[in-house]
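Notes for the one structure printed next.
Numbering (mature numbering (1 follows the signal peptide of the UniProt record, and there is no 0)), first residue to last: -36 to -1, 1 to 659.
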């Protein structure tokens, strides 16, 4: 979510609204200290031909329809628990003022007569410019997106009934001309500054398309197409300026291209991609506060990302679309510029700086936090990069980010997440460090566990509910030859068609907590196609055992298994992996095995700081008095993997790494067991190496 209704113009401007002012100032406490805030940076000149269509580049892989891949195993169990007992299913009851009592897409649409609204941060109501009051649309639509997709993937009957009722209610708000959105006629498409027009539509329409893909309810697709047509007419190409306002809500609206790209994939209508390319052109040529993804900045090799993290990482998808859909070499260079700048922003877990602004910094396991919104947005951008480029490094990164930063920002002791989290996490009491002085008038409260985070903004919890449904939809992709690719590993099943023949694949594994598995392939009638497995960069050569009559070949990081498939034919795979020691940007060491980064868990004392009317939910802070400054010994023996107990594999029964570290202030070495980050709350991920260190 935007850190302020208009994120500050280079960190200085605040919107004229008391309760949003508090929220924006609160967010500023998460950014770099004032002395460290960078100057805006330059922008390289952009050629006049940069946004011209040249030769579109075809996608390397095509997504399946949402719902054709469904979770099983631990993934299904976790998603079902989140839905039935966690924040995914209960957020509307936890914050009814923001969701059930504000029908922002219907009877409570924003008009010039509306002067204030509860938007998440708790403070006294105050008169306000109505153009800033889009916040609840994001909370609602992103939460419903995760809820509906989780209901569809888990086949939960009560949740499915709620999902159907929600979609019915939303479709009933559609105006005769097709408009779906949060503004009444006196405001829509006629703004003088900050607004959430495109952003409110983007968050809503993404969820509706997910529902359509699973149910094939043509009324939903028609409603989305009509709504998009209204917006395309209201903002005509090169005759309007949808990104004229330099503000956070407007910049979020660039993700309207998510809907346009999926509509193209579903309908084949080129107008959607043409319009998306123009939106990026308009965004790149306007003054903006969230300007990292503007083409001029991407082409400047000296520019470092500075904006609000969630904006920067969600905008990557638009850059990918523009580069591949146009084939323009300037836009392709811009994409490469983006990716070159991204690496400096990534902590060992893959968590991208987002606390809230990037501010030109280099990621640090201890000093830079990542927002859950940023985690989700970057995973979704990696998924698109994988589909368009075919480069499996993006699948490696997507898994790494999901299972380490994403799973590691969930509270192991209950249904809550961290709004902000660091890899090295020694306390969770609100500020980065206990006792940190606030920057601005409000204290930092993001470094804690909550099912809501209403004291800041209810944005991260909805996005936490989207993380695994979006992961699931990318687990299997279609190859250009019509085969099926296991792009992301994990327990799941696939029901789709190949050459008009229904096929069913069941992937049985506890991945990433184990690195072996079985894929059972069944086709309704004998059908020849490839089942393709990804070769992760961290693994030794992928080992497969295939059924009789299958042929195996390797190319571009993929293993192709071709056969005329019948019923119940099994592929067994193993991903051999050694424990790896890495070096972060500060020169410290950290350890991984397979796609998991391991951490030394630290004991913590939980304190419930807020209770909710729904039993089982609370805000939790964690403190620890245990020593945390462990280092590597001068001569380090290798950490060795210890498997999880047989039959008990899960995030509460995980594999471990066993080895030794040096105790703080002592030459004494102590034996330790490292756990996957996703099983920890307080932890140490990185270890300093002594000057005389020898591996």
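The C-beta atom is built at its ideal place from N, Cα and C for all residues, glycine as well.
Check                                                                                                                                                                               : Outcome
Let's test the definition: count the other Cβ atoms within 10 Å of the Cβ of residue 371 and tell me whether it reaches 16, buried, or not, exposed.                                : buried
Please report the straight-line C-alpha distance between residue -36 and residue 631, rounded to a whole angstrom.                                                                  : Per-residue confidence for residue -36 stands at a pLDDT of 49, beneath the threshold of 50, marking its modelled position as unreliable; the derived number appears in the next sentence. The straight-line gap from Cα to Cα measures roughly 46 Å.
What is the rounded straight-line gap between the Cα of residue 98 and the Cα of residue 579?                                                                                       : 30 Å
Given residue 547, which residues of its chain have a CB within under 7 Å of its CB, disregarding the five upstream and five downstream residues?                                   : 553
Give the range of the alpha helix (DSSP H) segment to which residue 666 is assigned.                                                                                                : Within the shown structure, residues of the chain are numbered from -36 to 659, placing residue 666 beyond reach of any answer.
Kindly confirm or deny that the stretch 537 to 551 and the stretch 573 to 592 touch, where touching means at least three C-beta pairs closer than 8 Å.                              : no
Three-state secondary structure (DSSP) at residue 25?                                                                                                                               : coil
Are the stretch 371 to 381 and the stretch 351 to 359 touching, with three or more C-beta to C-beta distances below 8 Å?                                                            : no
When you compare the CB positions of residue 640 and residue 624, do they come within less than 8 Å of one another, or not?                                                         : no
Please report the distance separating the alpha-carbon of residue 645 from that of residue 563.                                                                                     : 10 Å
Apart from the five residues on each side of it in sequence, which residues of its chain come closer than 6 Å, Cβ to Cβ, to residue 257?                                            : 279, 283
In terms of alpha-carbon separation, which member of 107, 603, 526, 26 lies closest to residue 337?                                                                                 : 107
Are the stretch 238 to 245 and the stretch 205 to 224 touching, with three or more C-beta to C-beta distances below 8 Å?                                                            : yes
Go through its chain and collect everything with a Cβ distance to residue 642's Cβ below 7 Å, but skip five positions before and after it.                                          : 367, 368, 371, 372, 615
Leaving aside the five residues before and after residue 590 along the sequence, list all residues of the same chain whose C-beta is less than 7 Å from its C-beta, in chain order. : 566, 567
Apply the 10 Å Cβ neighbour rule to residue 19 and answer buried if 16 or more other Cβ atoms are within range, or exposed otherwise.                                               : exposed
Identify every residue that forms a DSSP beta bridge with residue 392.                                                                                                              : 586
Below 8 Å, can you find three or more Cβ-Cβ pairs linking the stretch 439 to 453 to the stretch 396 to 411?                                                                         : no
Buried or exposed for residue 473, going by 16 or more other Cβ atoms inside 10 Å?                                                                                                  : buried
Quick check on DSSP: helix, strand or coil for residue 186?                                                                                                                         : helix
Three or more C-beta pairs closer than 8 Å, one from the stretch 257 to 277 and one from the stretch 316 to 326: is that the case here?                                             : yes
Count the C-beta pairs between the stretch 55 to 73 and the stretch 456 to 469 that are closer than 8 Å, then say yes if the count reaches three, no if not.                        : no
Inspect the beta-carbon positions of residue 487 and residue 551 and report whether they are closer than 8 Å.                                                                       : no
For residue 249, which residues from the same chain have a beta carbon less than 7 Å from its beta carbon, with the 5 sequence-adjacent residues on both sides left out?            : none
Following the continuous beta strand (DSSP E) through residue 529, name the residue where it begins and the one where it ends.                                                      : 522 to 529
Contact between the stretch 429 to 444 and the stretch 23 to 38 is defined here as three or more beta-carbon pairs at a separation below 8 Å; is this criterion met?                : yes
What does DSSP give as the partner residue(s) for residue 482 in the beta ladder?                                                                                                   : 472, 536
Can you tell me whether residue 439 is buried or exposed, with buried defined as 16 or more other CB within 10 angstroms of its CB?                                                 : buried
Output the distance between the C-alpha atoms of residue 167 and residue 188, rounded to the nearest integer angstrom.                                                              : 12 Å
Please list the segments of the alpha helix (DSSP H) lying wholly inside the stretch 593 to 659, counting only runs of 4 or more residues, in order along the chain.                : none
Roughly how many angstroms lie between the CA atoms of residue 316 and residue 60, to the nearest whole one?                                                                        : 31 Å
Residue 270 lies in the alpha helix (DSSP H); which residues open and close that run?                                                                                               : It is not in any alpha helix (DSSP H) - residue 270 carries neither H nor E in the DSSP assignment.
Is it buried or exposed for residue 528, if we count other Cβ within 10 angstroms and need 16 for buried?                                                                           : exposed
Based on the DSSP secondary-structure assignment, which residues constitute the bridge partners of residue 543?                                                                     : According to DSSP, residue 543 bridges with nothing at all.
I need the DSSP call for residue 488, collapsed to helix, strand or coil.                                                                                                           : coil
Can you give me the start and stop residues for the beta strand (DSSP E) that residue 456 sits inside?                                                                              : 456 to 462
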